[in-house]
Amino acid sequence: MPKKTFKKTKSNQQAAKDELEEPRNKAAQLHLLKGMKDILPDDQDYWNFIYDKVRELGHDYGYGQIATPILEPTNLFIRTVGKETDIVEKEVYSFIDKGEEDVTLRPENTASVARAYIEHGFVAKSQPVKLFYYGPFFRYNRPQSGRYRQFFQFGYEALGEDHPVIDAQLIALAHKFFQEIGLKVSLQVNSIGCPACRENYLQVLVNYFRSKRKNLCDDCKRRLTKNPLRLLDCKEAGCAEVAQDAPQIVDYLCEECRDHFVRVLEYLDSMEITYNLNPQLVRGLDYYTRTTFEIWPDSGETASQSSLGGGGRYDNLIELIGGRPTPAAGFACGIERIIIQLKEKAIDIPRTKKPEIFIAQLGVTARKECIKLFEQFRKEGIKAGEDFAKDSIKDQLSRASRLGVKLAIILGQKEILDGTVLIRDMENGIQEVVDINKVVQEVQKRLAKLNEIDSPDQPIS
Ligand code: AMP
């Protein structure tokens, strides 16, 4: 059989070359998806500051932490958030998975928490069941400052109780959160009643907006039949102007809903929490009943585009997804927007502990000794900076200076032979020889002294 030869044509060679280069080219082209962000180390102090506060308040107010999956059945959101909402109509990331199931990346968490409440039989526990969470959420909307496709929220939900004190305490919790992180906010509060009193109101509202139909945007013309409450918080200038004079829902509340709302406000007054009654505040989602509230930055902005958080009562949600009728209330806040505010207002936040000392080494044996020393310091809670991959002492010491440490531990060939280390005072450059076995205690002593000099005790007056 004649031996088959394979002669590479130029294009074959090119194809092989392309194939080889493909991974590199592909890597060069890859980038973040639109509306998504990497959260880099420099920013993490902000995130941890917020998570710490969320956990602290959760603990103080008796909320247990819950983490639900990021992926849920699409129906969960269609049934709860509502088919006619912007979220479900335009914004959800939904797809059919490999098992032919219609699934959705969660656009919010209340529905998932309610699902978990039913699924884990929380109804049998003493009520209310109080839960808090934080994590990523997904909405396919037009990205802009403070609006992303993946964003993070934290939230608190109190399920199984309809007493107005629950609503008031949730609002107080939101208020405390912002007060304690140092941000001034304004609280917007309203009640949108129950389905019974809302029915009358919606008729009056639709009649009013119909009479102004020509001034409404196309979305609002559609909302007139599909989701009329949303006409009240449309951002289009024409619609907002019409909404200003719209009939107000508080005038149409049934006796029970009015009484509930009045009591919520009384509790807020008794806690001396300042709020703004906002008849336009309807919230975007179908499942809200009675109390609604939002947290706005205190900078005169009124657009809910800039709202930092919001929530309210959702007494019908659990029944909507197959549970027994269960009253509940909660709120969620957007973490990115809070961080934008913290930065804009230059609020001081706790920073990650910086290295207190630096360990520098010269030579193969010294490096081995130094990586062990590093562990010893770490065990004693002393954070050490290092640059163990470098050979030059000069480079290492200049890094130590950049880190701003007060002491550097230096270990070279001579010190290894003598069983010693040098402790260098980075301020005046004075170096002292210390027994290597005593270096940790010696450094502890010196740091304590230096810290004392930095923050002397206040004289007793
Ligand atoms: P909502 O679940 O729509 O009531 O939103 C609650 C909070 O989450 C808002 O007040 C915002 O702070 C934040 N938020 C909502 N959507 C986004 C988004 N697309 N990007 C960033 N933050 C958002």
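Under this note's numbering, the letters of the sequence shown match residues 23 to 483, in that order. Quick reminder that beta carbons are idealized off the backbone N, C-alpha and C, glycines included.
Exercise. Ordered along the chain, which non-local residues of its own chain (more than five positions away) have a Cβ less than 8 Å from that of Val125?
Worked result: Sequence-distant partners of Val125 (beyond 5 residues in either direction) whose C-beta falls short of 8 Å from its own C-beta, in its chain, are Leu93, Glu94, Pro95, Thr96, Ser116, Phe117, Ile118 and Asp119.
Problem set entry | Reference Gln435, options Gly426, Arg424 and Lys390, closest by Cα | If we check each option's Cα against that of Gln435, Lys390 comes out closest.
Exercise. In three-state DSSP terms, what is Ala325?
Worked result: Because the pLDDT at Ala325 is just 47, under 50, the model does not fix this residue reliably, and the point stays unresolved.
For this session: Taking only heavy atoms of the ligand AMP into account, decide whether any of them is closer than 7 Å to the Cβ of Leu487.
Result: This structure leaves residue 487 out entirely; the chain is present only between 23 and 483.
Exercise. In the DSSP assignment, what are the bridge partners of Gly157?
Worked result: Per DSSP, Gln175.
Exercise. Can you tell me whether DSSP reads Ser134 as helix, strand or coil?
Worked result: Correct three-state label for Ser134: helix.
Problem set entry | For Pro24, three-class secondary structure by DSSP | Residue placement at Pro24 is poorly supported in this model, since its pLDDT is 42, which falls under 50; the coordinates still yield a value, given next. For Pro24, the secondary structure class from DSSP, reduced to helix, strand or coil, is coil.
Exercise. Is it true that the stretch 202-216 meets the stretch 276-289, where meeting means three or more beta-carbon pairs spaced less than 8 Å apart?
Worked result: Yes: at least three Cβ pairs fall under 8 Å.
Problem set entry | Euclidean distance between Cα positions of Ile72 and Ala196 | If I take the Cα positions, the gap works out to 13 Å.
Exercise. Does DSSP put Lys467 in a helix, in a strand, or in coil?
Worked result: It is helical.
For this session: Provide the residue span of the alpha helix (DSSP H) that contains Tyr230, from first to last.
Result: Bounds of the alpha helix (DSSP H) holding Tyr230 are Pro217 to Ser233.
For this session: Return yes when the C-beta of Gly168 is under 7 Å from any heavy atom of the ligand AMP, and no when it is not.
Result: At least one heavy atom of the ligand AMP is found less than 7 Å from the C-beta of Gly168.
For this session: Return the CA-CA distance between Glu122 and Glu141, expressed in angstroms with no decimal places.
Result: Their backbone Cα atoms lie some 23 Å apart in a straight line.
Exercise. Taking the alpha carbon of Asp65 as the point to measure from, which residue in Ile357, Asp82, Lys236 and Ile317 has its own alpha carbon closest?
Worked result: Nearest of Ile357, Asp82, Lys236 and Ile317 to Asp65, Cα basis: Ile357.
Problem set entry | CA nearest to the CA of Glu183, picked from Arg252, Gly334, Ala259 and Ser167 | The shortest CA-to-CA distance from Glu183 to any of Arg252, Gly334, Ala259 and Ser167 is the one to Gly334.
Exercise. Is the beta carbon of Tyr156 sitting closer than 8 Å to the one on Ile371?
Worked result: Ile371 sits away from Tyr156, with the two beta carbons spaced by 8 Å or more.
Exercise. Is the distance from the Cβ of Ala406 to the Cβ of Ile438 below 8 Å?
Worked result: No; because the gap between Cβ atoms is not below 8 Å, this pair is not in contact.
For this session: Can you tell me which of the three DSSP states Thr247 falls into?
Result: It is helical.
Exercise. Contact check, Glu464 vs Val455 under 8 Å by CB: the rounded distance?
Worked result: A Cβ-Cβ separation of about 11 Å leaves Glu464 out of contact with Val455 under the 8 Å criterion.
Problem set entry | Span of the alpha helix (DSSP H) around Ile357 | Unbroken alpha helix (DSSP H) run through Ile357: Ile357 to Glu366.
Exercise. Quick one: does the C-beta of Gln418 sit closer than 7 Å to a heavy atom of the ligand AMP?
Worked result: Because no heavy atom of the ligand AMP lies under 7 Å away, the Cβ of Gln418 does not count as near it: no.
Exercise. So the alpha helix (DSSP H) Glu397 belongs to, where does it begin and stop?
Worked result: Per DSSP, Glu397 belongs to the alpha helix (DSSP H) from Val386 to Lys401.
Problem set entry | From Glu294, Phe231, Thr314 and Arg421, residue whose alpha carbon lies closest to that of Val264 | Checked all of Glu294, Phe231, Thr314 and Arg421; the closest Cα to Val264 is Phe231.
Exercise. Is it true that the CB of Ile317 sits closer than 8 Å to the CB of Leu425?
Worked result: No, Cβ-Cβ distance for Leu425 and Ile317 is not below 8 Å.
Exercise. Taking only runs of the beta strand (DSSP E) that begin and end inside the stretch 261-324, which ones reach a length of at least 3 residues, in chain order?
Worked result: With a minimum length of 3 residues, the continuous beta strand (DSSP E) runs that stay inside the stretch 261-324 are 311-319.
For this session: Consult DSSP for Val211 and reduce its assignment to one of helix, strand or coil.
Result: Strand at Val211.
Problem set entry | Exposed unless 16 or more other CB atoms sit within 10 angstroms - verdict on Glu202 | So Glu202 counts as exposed.
For this session: Using three-state DSSP, classify Ile371 as helix, strand or coil.
Result: Coil, per DSSP.
For this session: Could you spell out where the beta strand (DSSP E) holding Ile432 opens and where it closes?
Result: Element bounds for Ile432: Leu429 to Leu433.
Problem set entry | Outcome for Asp189 when other beta-carbon atoms lying within 10 angstroms are tallied against a minimum of 16 | By the neighbour-count criterion, in which 16 or more other beta carbons inside 10 Å mark a residue as buried, Asp189 falls on the buried side.
Exercise. What span of residues does the beta strand (DSSP E) with Phe144 cover, start to end?
Worked result: Run containing Phe144: none; DSSP gives neither H nor E here.
Problem set entry | Cut-off 6 Å between Cβ atoms - residues of its own chain near Asn237, not counting five sequence neighbours on either side | Taken in chain order, the residues that qualify are Gly260 and Val264.
Exercise. If you run the structure through DSSP and keep just helix, strand and coil, what is Gly426?
Worked result: Correct three-state label for Gly426: coil.
Exercise. Near Lys471, which residues of its chain fall below 7 Å by C-beta distance, leaving aside the five closest residues on each side in sequence?
Worked result: Within the same chain, Lys471 has no close Cβ partners at all.
Exercise. Taking just the CA atoms, how far does Asp108 sit from Gly57?
Worked result: Between Gly57 and Asp108, the C-alpha separation is close to 17 Å.
Exercise. Is it the case that the CB of Glu402 approaches a heavy atom of the ligand AMP more closely than 7 Å?
Worked result: When distances are taken from the beta-carbon of Glu402 to the heavy atoms of the ligand AMP, even the shortest one reaches 7 Å or more.
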